[in-house]
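Some notes on the structure that comes next.
There are 2 protein chains.
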Amino acid sequence: MTEKPYDPHDYPPFAVTVDVVILTMVKKTLKILLIQRGQGPFRDAWALPGGFVLPHEDLRDAAVRELKEETNISDEALHLEQLGTYGSPERDPRMRVVTVAYWAIVPNLDKPIGGGDARHAEVVPVAEIESGRLRLAFDHEKILIDAIERMRSKMEYTNVATNFFEDSFTVSEFRNVYEAAWDTELNPGNFQRKLQQSADFLTPTGEKSPSESSGGRPADLYTAGPEKDLSPPLKRSKPKKPSK
Amino acid sequence: MTEKPYDPHDYPPFAVTVDVVILTMVKKTLKILLIQRGQGPFRDAWALPGGFVLPHEDLRDAAVRELKEETNISDEALHLEQLGTYGSPERDPRMRVVTVAYWAIVPNLDKPIGGGDARHAEVVPVAEIESGRLRLAFDHEKILIDAIERMRSKMEYTNVATNFFEDSFTVSEFRNVYEAAWDTELNPGNFQRKLQQSADFLTPTGEKSPSESSGGRPADLYTAGPEKDLSPPLKRSKPKKPSK
DNA sequence: TAAATAAATTTCAACTTGACAATAACTAAT
DNA sequence: ATTAGTTATTGTCAAGTTGAAATTTATTTA
């Protein structure tokens, strides 16, 4: 903060917005919630849900509100973390806009979107976003790339990935989430051992999941434990064999 | 981004500022650069260097400029990372201000401050900030706590700590920086071995540092290597014996 | 030449990892 | 009821990493 004599008209006017990256897992595919723009610049391009922060509104509250308005998501337990702030002078052709980006993982929302002013909300596979073939508004491609990387690295050393589940989950389901998010294959036995050796990372519910219709031993169910960090962290390693 | 019909007067006016947390090491003590406020609210309290972002200025550029103006620091190699954005509606009593905080480590600056409008810049020990006894302006205490924690955790898995040095350094000097920053003691042999086993983390210069006047084998000198990450990371562990 | 000092290397047991084998607990089809 | 198929969980073993501490190396000062 400078200490020039204070005059309310001194400061240059900025618009401040929030944008939210919502990650979810649909049948072993990592997807992100985007909205197709109906007007303004970047018409028909895909954009992140978000909008202007109100004059007396906290940033995080704005993110929660916009998410509710635009996509009808209002998870009590939404973990919503700040990702970063994007403020290049040319990022919006109309005016100077600084946007504060947030991200969160939500449990499986396939098409439960709609309501509010969700013009054309859809969950788009991350692979499509990463391919660069999708037309994205503003600097949202950069925000998305950063969010995906943030999620991938937080999965190494925290329990964020438990947020992909509404409720309890099996170790296999948990491993599948990692494999999809990292696009790797992980050794099932070693993955299980690693999670087990930090006793408080996952809490067993005592229940067992019903076996698949294809048979197999029923799996133990877990929820996120009190210990939120994993040390040393999991390693991404091992590239997956390219599909088809 | 919402898609309401666009009107430049629609958006609420915000001031956007940047604040910068500069960390440095002065003789085995971790310190942070603060400025004593001369006027306005929080007069005489300590504050972070920073100020308004100019209308066509990028956020990072604003941080670099304010740092230069207020503290005369203009390191070419300044690594300056974004820390987070703080925008609580009550954080500045005068008006709505959203501030984007940055942080960086700079090599040993004891009193090289001054020049510019550096009213009363000083480097303050982190212990003093963490004690809560220092009167800090706005929400700068929170920003500082976050920055300190960010630095501590990035030291676990990256080479950021090499930025405490102007030039080359010995393993002991490097270890001292870790011990001061984490307030721990680290086993010298194990620390050395850990750094060595990632061959590209530190690059030996081939030079040797002159022995202390107290004698002892001369230490090999190193600079930051091409590999910026350490995996698995270093561990903080081992609390230091409380000093008197 | 003998301490004293500090850096660098070694030792050794305990633990963790990676690859993979074996066992357990189920379902579906004989 | 038995057997084959499937999936989860536990075990094995060699290689690698860690934590604690000792040893060796290269200096300076007495």
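Protein sequences appear in the order of chains A and B.
Taken in order, the first sequence gives residues 1 to 244; the numbers are from our numbering.
Taken in order, the second sequence gives residues 245 to 488; the numbers are from our numbering.
We put the CB at the ideal spot given by N, CA and C, even for glycine.
Closer than 7 angstroms, Cβ to Cβ, to anything on chain A: give me those residues from the stretch 437-455 of chain B, in chain order. none
Bounding residues of the alpha helix (DSSP H) (the contiguous stretch that carries K312/B): L303 to T315
Starting from D146/A, follow the alpha helix (DSSP H) in both directions and report where the run begins and ends. H140 to Y157
Which of the residues in the stretch 452-480 of chain B, read from start to end, lie with their CB under 9 angstroms from any CB of chain A? S475, P476, P477 and K479
For S168/A and Y222/A, what's the separation of their Cα atoms in angstroms? 5 angstroms
Ends of the alpha helix (DSSP H) at G50/A? It is not in any alpha helix (DSSP H) - G50/A instead sits in the beta strand (DSSP E) that spans G50 to F52.
A219/A versus T205/A - alpha carbon distance: 11 angstroms
Boundaries of the beta strand (DSSP E) in which E81/A is found, first to last residue: E81 to Y86
Residues of chain A with CB closer than 9 angstroms to the CB of P523/B, please, in chain order. Nothing can be reported for residue 523/B, as the shown portion of chain B is limited to 245 through 488.
For a contact defined as C-beta to C-beta under 9 angstroms, what are the partners of P189/A on chain B? Sequence inspection shows Gly at residue 189/A; the Pro mentioned does not correspond to that position. Near G189/A there are no residues of chain B at all, since even the closest Cβ is about 20 angstroms away, more than 9 angstroms.
Closer than 7 angstroms by C-beta to E471/B: which residues in its own chain qualify, once you throw out the five before and the five after it? Chain order, please. S442, D444 and F445
What's the gap between the Cα of V264/B and the Cα of E173/A? 43 angstroms
According to the neighbour-count rule (16 or more other Cβ atoms, all chains shown, within 10 Å of its Cβ), is I129/A buried or exposed? buried
Check whether the Cβ of T406/B lies closer than 8 angstroms to any Cβ atom in chain A. no
Answer with yes or no whether the minimum CB distance from A362/B to chain A is below 8 angstroms. Caution is warranted here: a pLDDT of 49 is assigned to A362/B, below 50, making its placement in the model unreliable, and the coordinate value is therefore given only provisionally. Judged by the 8 angstroms Cβ criterion, A362/B is not in contact with chain A.
D302/B CB to nearest chain A CB: under 8 angstroms? yes
Look at the alpha carbon of E156/A and the alpha carbon of E90/A, and state the distance between them as a whole number of angstroms. 35 angstroms
Give the DSSP bridge partners of I35/A, in chain order. A47/A and A121/A
C-alpha distance - L80/A paired with I35/A, whole-angstrom precision: 19 angstroms
If you pair each beta-carbon of the stretch 264-273 of chain B with each one of the stretch 52-62 of chain A, do three or more pairs fall below 8 angstroms? no
Cβ-based burial, K479/B [other Cβ within 10 Å; buried from 16]: exposed
Closest by C-alpha distance to Y102/A, when choosing among S214/A, V126/A and I145/A: I145/A
Who are the neighbours of V344/B on chain A, taking C-beta pairs under 8 angstroms? T85, G87 and V98
Helix, strand or coil: which one does DSSP assign to K479/B? coil
Anyone know if the C-beta pair for V262/B and V342/B falls short of 8 angstroms? no
Quick one: is F169/A near chain B, going by C-beta distance under 8 angstroms? no
For a contact meaning CB atoms closer than 7 angstroms, what does F502/B contact in chain A? The shown model of chain B, from 245 to 488, leaves out residue 502/B, and the question about it has no answer.
Only counting the same chain, and skipping five residues up and downstream in sequence, which positions put a Cβ closer than 6 angstroms to that of A362/B? The pLDDT assigned to A362/B is 49, lower than 50, so where the model puts this residue is not dependable, and the model offers no usable value.
Which runs of the beta strand (DSSP E) fall wholly inside the stretch 405-429 of chain B and span at least 3 residues, in chain order? none
At which residues does the alpha helix (DSSP H) containing P188/A begin and terminate? P188 to Q197
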